Amino acid sequence: MQNYTSVTEFTLLGIPNTEGLENMLFVLFLAFYLFTLLGNLLIFLTILVSSNLHTPMYFFLGNLSVFDIFFPSVSSPKMMLHLMGPSRTISYQGCACQLFFYHFLGGTECFLYTVMAYDRFVAICHPLQYTVIMSHRVCTGLMLGTWLGGCLHGSILTFLVFKLPFCGPNEVDNFFCDIPGLLPLACADTSLAQTVSFTNVDVVTLTCFFLILTSYGHIVISILKIGTSAGRRRAFSTCSAHLISIFLFYGPVMLIYLRPASSPWLDSVIQALNNIVTPSLNPLIYTLRNKDVKLALRQVFTQVVHISGIERR
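Printed below as a string of C-alpha coordinates:
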(Lines of atoms letter the chains of each structure in order from A and count residues from 1; the text may use other names and numbers.)
(Lines give C-alpha, C1' and ligand atoms only; values in the text may rest on other atoms or scores of the structure.)
Protein backbone atom coordinates (compact mmCIF):
# COMPACT_ATOMS: atom_id res chain seq x y z
CA MET A 1 0.00 0.00 0.00
CA GLN A 2 2.76 2.43 0.85
CA ASN A 3 4.25 2.24 -2.68
CA TYR A 4 1.53 4.61 -3.85
CA THR A 5 1.93 7.25 -1.14
CA SER A 6 4.63 9.61 0.02
CA VAL A 7 3.10 10.06 3.49
CA THR A 8 4.99 8.09 6.15
CA GLU A 9 3.11 9.37 9.20
CA PHE A 10 -0.04 11.20 10.18
CA THR A 11 -0.57 13.94 12.75
CA LEU A 12 -3.54 13.43 15.06
CA LEU A 13 -5.00 16.82 15.94
CA GLY A 14 -7.03 15.45 18.86
CA ILE A 15 -10.37 16.82 20.03
CA PRO A 16 -10.83 20.33 18.57
CA ASN A 17 -11.14 23.37 20.85
CA THR A 18 -9.61 21.67 23.91
CA GLU A 19 -6.36 23.63 24.10
CA GLY A 20 -5.28 24.12 27.72
CA LEU A 21 -7.44 21.21 28.91
CA GLU A 22 -4.87 18.50 28.18
CA ASN A 23 -4.09 17.67 31.83
CA MET A 24 -7.74 17.49 32.84
CA LEU A 25 -8.64 15.33 29.82
CA PHE A 26 -5.68 13.05 30.52
CA VAL A 27 -6.82 12.42 34.11
CA LEU A 28 -10.45 11.95 33.02
CA PHE A 29 -9.66 9.53 30.18
CA LEU A 30 -7.12 7.64 32.29
CA ALA A 31 -9.70 7.14 35.05
CA PHE A 32 -12.30 5.83 32.58
CA TYR A 33 -9.73 3.61 30.86
CA LEU A 34 -8.45 2.03 34.08
CA PHE A 35 -12.01 1.53 35.34
CA THR A 36 -12.86 -0.13 32.00
CA LEU A 37 -9.90 -2.50 32.20
CA LEU A 38 -10.39 -3.44 35.85
CA GLY A 39 -14.19 -3.70 35.70
CA ASN A 40 -14.33 -5.87 32.60
CA LEU A 41 -11.40 -8.01 33.74
CA LEU A 42 -13.21 -8.60 37.04
CA ILE A 43 -16.40 -9.68 35.26
CA PHE A 44 -14.47 -11.97 32.90
CA LEU A 45 -12.56 -13.65 35.77
CA THR A 46 -15.75 -13.99 37.84
CA ILE A 47 -17.52 -15.77 34.96
CA LEU A 48 -14.44 -17.92 34.39
CA VAL A 49 -14.15 -19.19 37.99
CA SER A 50 -17.86 -19.35 38.93
CA SER A 51 -19.34 -22.65 37.78
CA ASN A 52 -22.94 -21.38 38.16
CA LEU A 53 -22.18 -18.78 35.46
CA HIS A 54 -21.05 -21.37 32.89
CA THR A 55 -24.17 -20.89 30.75
CA PRO A 56 -24.59 -19.51 27.20
CA MET A 57 -25.74 -16.11 28.48
CA TYR A 58 -22.62 -15.60 30.59
CA PHE A 59 -20.37 -17.17 27.96
CA PHE A 60 -21.36 -14.31 25.65
CA LEU A 61 -21.11 -11.77 28.48
CA GLY A 62 -17.56 -12.95 29.19
CA ASN A 63 -16.66 -12.42 25.54
CA LEU A 64 -18.25 -8.95 25.68
CA SER A 65 -15.98 -8.13 28.62
CA VAL A 66 -12.94 -9.19 26.58
CA PHE A 67 -14.01 -6.93 23.69
CA ASP A 68 -14.60 -4.05 26.10
CA ILE A 69 -11.01 -4.44 27.28
CA PHE A 70 -9.48 -4.45 23.80
CA PHE A 71 -11.78 -1.94 22.05
CA PRO A 72 -10.77 1.18 24.06
CA SER A 73 -7.16 -0.04 24.02
CA VAL A 74 -7.04 0.60 20.26
CA SER A 75 -7.16 4.39 20.63
CA SER A 76 -6.99 5.35 24.33
CA PRO A 77 -3.26 4.78 25.14
CA LYS A 78 -2.12 6.69 22.05
CA MET A 79 -4.57 9.49 22.74
CA MET A 80 -3.40 9.88 26.34
CA LEU A 81 0.22 9.83 25.19
CA HIS A 82 -0.56 12.67 22.79
CA LEU A 83 -2.28 14.64 25.55
CA MET A 84 0.84 14.54 27.71
CA GLY A 85 3.55 14.82 25.04
CA PRO A 86 4.54 17.24 22.28
CA SER A 87 4.40 14.55 19.57
CA ARG A 88 1.01 13.82 18.03
CA THR A 89 2.19 11.68 15.14
CA ILE A 90 1.35 8.09 14.25
CA SER A 91 3.11 6.05 11.58
CA TYR A 92 1.40 5.09 8.33
CA GLN A 93 1.40 1.41 9.37
CA GLY A 94 0.23 2.29 12.89
CA CYS A 95 -2.66 4.29 11.49
CA ALA A 96 -3.69 1.37 9.25
CA CYS A 97 -3.53 -1.03 12.23
CA GLN A 98 -5.57 1.35 14.38
CA LEU A 99 -8.28 1.61 11.71
CA PHE A 100 -8.39 -2.16 11.21
CA PHE A 101 -8.60 -3.12 14.89
CA TYR A 102 -11.12 -0.35 15.64
CA HIS A 103 -13.56 -1.69 13.04
CA PHE A 104 -12.64 -5.33 13.61
CA LEU A 105 -13.47 -5.12 17.32
CA GLY A 106 -16.38 -2.73 16.78
CA GLY A 107 -17.90 -4.98 14.11
CA THR A 108 -17.36 -8.07 16.26
CA GLU A 109 -19.09 -6.41 19.21
CA CYS A 110 -21.95 -5.40 16.93
CA PHE A 111 -22.43 -9.03 15.87
CA LEU A 112 -22.04 -10.18 19.48
CA TYR A 113 -24.93 -7.99 20.67
CA THR A 114 -27.05 -9.60 17.95
CA VAL A 115 -26.09 -13.09 19.16
CA MET A 116 -26.83 -12.10 22.77
CA ALA A 117 -30.30 -10.91 21.72
CA TYR A 118 -30.89 -14.24 19.97
CA ASP A 119 -29.79 -16.06 23.13
CA ARG A 120 -32.39 -14.13 25.18
CA PHE A 121 -35.01 -14.82 22.50
CA VAL A 122 -34.41 -18.59 22.74
CA ALA A 123 -34.30 -18.52 26.57
CA ILE A 124 -37.63 -16.69 26.91
CA CYS A 125 -39.58 -17.82 23.84
CA HIS A 126 -38.35 -21.44 23.73
CA PRO A 127 -37.27 -22.24 27.31
CA LEU A 128 -37.80 -26.02 27.02
CA GLN A 129 -35.52 -26.28 23.98
CA TYR A 130 -32.98 -23.74 25.25
CA THR A 131 -30.22 -26.16 26.27
CA VAL A 132 -30.60 -28.08 23.01
CA ILE A 133 -30.64 -25.03 20.72
CA MET A 134 -27.90 -23.13 22.58
CA SER A 135 -25.53 -26.06 22.98
CA HIS A 136 -21.82 -25.55 23.60
CA ARG A 137 -21.11 -26.33 19.95
CA VAL A 138 -23.65 -23.77 18.73
CA CYS A 139 -22.38 -21.08 21.13
CA THR A 140 -18.79 -21.68 20.02
CA GLY A 141 -19.85 -21.50 16.38
CA LEU A 142 -21.77 -18.27 16.91
CA MET A 143 -18.81 -16.74 18.73
CA LEU A 144 -16.42 -17.80 16.00
CA GLY A 145 -18.82 -16.29 13.45
CA THR A 146 -18.76 -12.93 15.23
CA TRP A 147 -14.94 -12.92 15.19
CA LEU A 148 -14.78 -13.82 11.49
CA GLY A 149 -17.49 -11.31 10.60
CA GLY A 150 -15.70 -8.53 12.47
CA CYS A 151 -12.37 -9.45 10.85
CA LEU A 152 -13.91 -9.34 7.36
CA HIS A 153 -15.61 -6.01 8.16
CA GLY A 154 -12.38 -4.43 9.39
CA SER A 155 -10.33 -5.83 6.49
CA ILE A 156 -12.69 -4.42 3.86
CA LEU A 157 -12.67 -0.93 5.38
CA THR A 158 -8.89 -0.88 5.88
CA PHE A 159 -8.26 -2.00 2.30
CA LEU A 160 -10.66 0.60 0.87
CA VAL A 161 -9.01 3.46 2.76
CA PHE A 162 -5.34 2.53 2.48
CA LYS A 163 -5.38 1.55 -1.18
CA LEU A 164 -5.81 5.30 -1.78
CA PRO A 165 -2.64 7.40 -2.26
CA PHE A 166 -1.72 9.91 0.46
CA CYS A 167 0.76 12.43 -0.90
CA GLY A 168 -0.14 15.80 0.59
CA PRO A 169 -1.69 16.91 3.90
CA ASN A 170 -1.37 14.43 6.74
CA GLU A 171 -3.32 16.05 9.62
CA VAL A 172 -6.17 13.85 10.86
CA ASP A 173 -8.88 15.96 12.45
CA ASN A 174 -9.49 13.49 15.26
CA PHE A 175 -7.68 11.74 18.13
CA PHE A 176 -7.33 8.44 16.24
CA CYS A 177 -7.36 7.12 12.67
CA ASP A 178 -10.85 6.55 11.31
CA ILE A 179 -12.54 6.78 7.93
CA PRO A 180 -14.09 10.29 8.21
CA GLY A 181 -10.73 11.81 9.16
CA LEU A 182 -8.59 9.94 6.60
CA LEU A 183 -10.59 10.08 3.36
CA PRO A 184 -10.30 13.91 2.96
CA LEU A 185 -6.49 13.54 3.05
CA ALA A 186 -6.25 11.20 0.05
CA CYS A 187 -4.94 12.77 -3.17
CA ALA A 188 -7.32 10.83 -5.42
CA ASP A 189 -11.04 10.43 -6.02
CA THR A 190 -12.48 8.99 -2.80
CA SER A 191 -16.12 8.72 -3.91
CA LEU A 192 -16.01 4.93 -4.43
CA ALA A 193 -14.16 4.29 -1.15
CA GLN A 194 -16.48 6.63 0.71
CA THR A 195 -19.64 5.07 -0.74
CA VAL A 196 -18.55 1.47 -0.20
CA SER A 197 -17.06 1.99 3.27
CA PHE A 198 -20.02 3.89 4.69
CA THR A 199 -22.45 1.48 3.02
CA ASN A 200 -20.56 -1.40 4.63
CA VAL A 201 -20.81 0.23 8.07
CA ASP A 202 -24.47 1.12 7.52
CA VAL A 203 -25.42 -2.40 6.36
CA VAL A 204 -23.65 -4.09 9.29
CA THR A 205 -25.04 -1.66 11.87
CA LEU A 206 -28.62 -1.53 10.60
CA THR A 207 -28.86 -5.27 9.88
CA CYS A 208 -27.66 -6.16 13.38
CA PHE A 209 -29.94 -3.54 14.93
CA PHE A 210 -32.94 -4.85 12.95
CA LEU A 211 -32.23 -8.44 14.05
CA ILE A 212 -31.96 -7.27 17.67
CA LEU A 213 -35.27 -5.44 17.43
CA THR A 214 -36.86 -8.53 15.87
CA SER A 215 -35.61 -10.74 18.70
CA TYR A 216 -36.85 -8.33 21.35
CA GLY A 217 -40.16 -7.89 19.57
CA HIS A 218 -40.77 -11.62 19.99
CA ILE A 219 -39.47 -11.45 23.56
CA VAL A 220 -41.92 -8.65 24.50
CA ILE A 221 -44.82 -10.59 23.00
CA SER A 222 -43.85 -13.72 24.95
CA ILE A 223 -43.39 -11.79 28.20
CA LEU A 224 -46.81 -10.16 27.89
CA LYS A 225 -48.33 -13.64 27.67
CA ILE A 226 -46.89 -14.60 31.08
CA GLY A 227 -49.75 -14.85 33.54
CA THR A 228 -48.12 -13.41 36.68
CA SER A 229 -46.63 -9.96 37.19
CA ALA A 230 -43.72 -11.51 39.10
CA GLY A 231 -42.92 -13.72 36.12
CA ARG A 232 -43.06 -10.75 33.75
CA ARG A 233 -40.74 -8.73 35.99
CA ARG A 234 -38.29 -11.62 36.19
CA ALA A 235 -38.26 -12.01 32.42
CA PHE A 236 -37.81 -8.28 31.83
CA SER A 237 -34.98 -8.11 34.40
CA THR A 238 -32.94 -10.70 32.50
CA CYS A 239 -33.05 -8.49 29.38
CA SER A 240 -32.80 -5.00 30.85
CA ALA A 241 -29.00 -4.93 31.23
CA HIS A 242 -28.53 -6.15 27.66
CA LEU A 243 -30.96 -3.54 26.31
CA ILE A 244 -29.17 -0.71 28.15
CA SER A 245 -25.81 -1.87 26.72
CA ILE A 246 -27.27 -2.06 23.21
CA PHE A 247 -28.56 1.52 23.28
CA LEU A 248 -25.28 2.80 24.74
CA PHE A 249 -23.37 1.03 21.96
CA TYR A 250 -25.60 1.78 18.99
CA GLY A 251 -26.42 5.37 19.93
CA PRO A 252 -22.93 6.81 19.30
CA VAL A 253 -22.32 4.50 16.30
CA MET A 254 -25.45 5.74 14.55
CA LEU A 255 -24.62 9.36 15.35
CA ILE A 256 -21.11 8.94 13.90
CA TYR A 257 -21.81 6.94 10.75
CA LEU A 258 -25.51 7.26 9.94
CA ARG A 259 -25.84 11.04 9.80
CA PRO A 260 -24.18 13.80 7.79
CA ALA A 261 -20.99 15.19 9.32
CA SER A 262 -21.77 18.27 11.40
CA SER A 263 -18.64 19.51 13.19
CA PRO A 264 -15.25 17.92 13.96
CA TRP A 265 -15.65 18.82 17.64
CA LEU A 266 -19.02 17.04 17.98
CA ASP A 267 -17.81 14.00 16.03
CA SER A 268 -14.70 13.72 18.23
CA VAL A 269 -16.72 14.03 21.44
CA ILE A 270 -19.18 11.34 20.30
CA GLN A 271 -16.31 9.02 19.36
CA ALA A 272 -14.61 9.65 22.72
CA LEU A 273 -17.84 8.60 24.44
CA ASN A 274 -18.09 5.52 22.24
CA ASN A 275 -14.43 4.53 22.63
CA ILE A 276 -13.86 5.21 26.32
CA VAL A 277 -17.02 5.92 28.30
CA THR A 278 -19.42 3.26 26.97
CA PRO A 279 -17.10 0.25 27.60
CA SER A 280 -16.59 1.47 31.17
CA LEU A 281 -20.33 1.39 31.87
CA ASN A 282 -20.95 -2.27 30.99
CA PRO A 283 -19.39 -3.62 34.23
CA LEU A 284 -21.67 -1.32 36.25
CA ILE A 285 -24.74 -2.24 34.20
CA TYR A 286 -24.22 -5.99 34.48
CA THR A 287 -23.27 -5.98 38.16
CA LEU A 288 -26.02 -3.63 39.33
CA ARG A 289 -28.78 -5.23 37.20
CA ASN A 290 -27.85 -8.91 37.51
CA LYS A 291 -28.30 -10.84 40.73
CA ASP A 292 -26.29 -13.86 39.55
CA VAL A 293 -23.23 -11.73 38.73
CA LYS A 294 -23.51 -9.85 42.04
CA LEU A 295 -23.72 -13.13 43.96
CA ALA A 296 -20.76 -14.60 42.06
CA LEU A 297 -18.70 -11.45 42.67
CA ARG A 298 -19.51 -11.63 46.38
CA GLN A 299 -18.40 -15.27 46.48
CA VAL A 300 -15.16 -14.48 44.63
CA PHE A 301 -14.36 -11.63 47.04
CA THR A 302 -15.13 -13.88 50.02
CA GLN A 303 -12.78 -16.58 48.69
CA VAL A 304 -10.03 -14.03 48.05
CA VAL A 305 -10.35 -12.60 51.57
CA HIS A 306 -10.39 -16.12 53.04
CA ILE A 307 -7.27 -17.16 51.11
CA SER A 308 -5.50 -13.93 52.07
CA GLY A 309 -6.31 -14.56 55.72
CA ILE A 310 -4.90 -18.09 55.56
CA GLU A 311 -1.68 -16.88 53.89
CA ARG A 312 -1.13 -14.26 56.61
CA ARG A 313 -1.29 -16.98 59.25
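In terms of the numbering used here, the sequence shown opens at residue 4 and continues consecutively.
Even for Gly, the Cβ is constructed at its ideal location relative to N, Cα and C.
Since this is a predicted model, take the numbers as computed values, not measurements.
With the cut-off set at 9 Å, would you say Pro80 and Trp268 are in Cβ contact?
Position 77 of the sequence shown, counted from the start, is the residue given in the question as residue 80. Position 265 of the sequence shown, counted from the start, is the residue given in the question as residue 268. No, they are not a contact pair.
As assigned by DSSP and simplified to three states, the class of Phe304
Reading the sequence shown from its first residue, position 301 is the one you call residue 304. The answer is helix: DSSP assigns Phe304 an H, G or I state.
So if DSSP puts Ile93 in a beta bridge, which residue, or which two residues, is it bridged to?
To locate residue 93, count along the sequence shown from 1; it is residue 90. Note: Ile93 sits in a beta bridge opposite Phe13.
How big is the Cα-Cα spacing for Ala34 and Asp71?
Taking the sequence shown and counting its residues from 1, the one referred to as residue 34 is at position 31. Taking the sequence shown and counting its residues from 1, the one referred to as residue 71 is at position 68. Cα to Cα, Ala34 sits roughly 15 Å from Asp71.
State the Cα-Cα distance for the pair Val118 and Leu145, rounded to the nearest angstrom.
Within the sequence shown, the letter at position 115 stands for residue 118. Within the sequence shown, the letter at position 142 stands for residue 145. If you take the alpha carbons of Val118 and Leu145, they lie about 7 Å apart.
Per-residue DSSP class, three states only, for Glu174
For the purposes of this step, residue 174 is taken as residue 171 along the sequence shown, with counting starting at 1. Reduced to three states, the DSSP call for Glu174 is strand.
Helix, strand or coil, according to DSSP, for Gly88 in the structure here?
Counting from 1 along the sequence shown, the entry for residue 88 is found at position 85. Looking at Gly88 - three-state DSSP - the assignment turns out to be coil, as it is neither helix nor strand.
If we require 3 or more residues per run, which beta strand (DSSP E) segments fall completely within the stretch 92-163?
92-94
Between the alpha carbons of Ser228 and Ala126, how many angstroms are there, rounded?
Residue numbering aside, residue 228 sits at position 225 when the sequence shown is read from its first letter. Residue numbering aside, residue 126 sits at position 123 when the sequence shown is read from its first letter. The amino acid occupying residue 228 in the given sequence is Lys; Ser does not appear at that position. Spanning the two alpha carbons is a distance of roughly 15 Å.
Let's see if you can read the secondary structure: which residues bound the alpha helix (DSSP H) around Cys180?
Here residue 180 refers to the residue found at position 177 when the sequence shown is read from its first residue. Neither: Cys180 is in no alpha helix (DSSP H) and is coded neither H nor E.
Going by CA-CA distance only, name the one from Glu12, Thr49, Val256 that's closest to Gln306.
Stepping through the sequence shown from its first residue, residue 306 is reached at position 303. Out of Glu12, Thr49, Val256, Thr49 has the C-alpha closest to the C-alpha of Gln306.
So, under 8 Å CB-CB, Ser194 and Leu163 are touching, yes? Tell me the CB distance rounded to an integer number of Å.
The residue given as residue 194 occupies position 191 in the sequence shown. The residue given as residue 163 occupies position 160 in the sequence shown. No, Ser194 and Leu163 are not in contact; Cβ-Cβ is about 12 Å, not under 8 Å.
Status (buried if at least 16 other CB within 10 Å, exposed otherwise) for Gln274
If you number the sequence shown from 1, residue 274 lands on position 271. Label assigned to Gln274: buried.
In three-state terms, what does DSSP make of Ser243?
Walking along the sequence shown from the start, residue 243 turns up at place 240. Ser243: helix per DSSP, three-state reduction.
Which residues in the same chain as Phe104 place their Cβ atom closer than 6 Å to its Cβ, once the five residues preceding and following it in sequence are excluded?
As a first step, residue 104 is located in the sequence shown; it is residue number 101 there, counting from the start. Cβ neighbours of Phe104 beyond the five flanking positions: Val77.
CA-CA distance, Val272 and Pro130?
Within the sequence shown, the letter at position 269 stands for residue 272. Within the sequence shown, the letter at position 127 stands for residue 130. If you take the alpha carbons of Val272 and Pro130, they lie about 42 Å apart.
Does Gly230 pass the burial test, meaning 16 or more other C-beta atoms within 10 Å, or should it be called exposed?
Translated into positions along the sequence shown, residue 230 becomes position 227. Under this definition Gly230 is an exposed residue.
When you compare only the Cα positions, how much space is there between Ser68 and Ile288?
Here residue 68 refers to the residue found at position 65 of the sequence shown. Here residue 288 refers to the residue found at position 285 of the sequence shown. Going by the C-alpha atoms only, they are around 12 Å apart.
When you compare only the Cα positions, how much space is there between Leu209 and Ile249?
Along the sequence shown, one-based indexing puts residue 209 at 206. Along the sequence shown, one-based indexing puts residue 249 at 246. Distance between the alpha carbons of Leu209 and Ile249 is about 13 Å.
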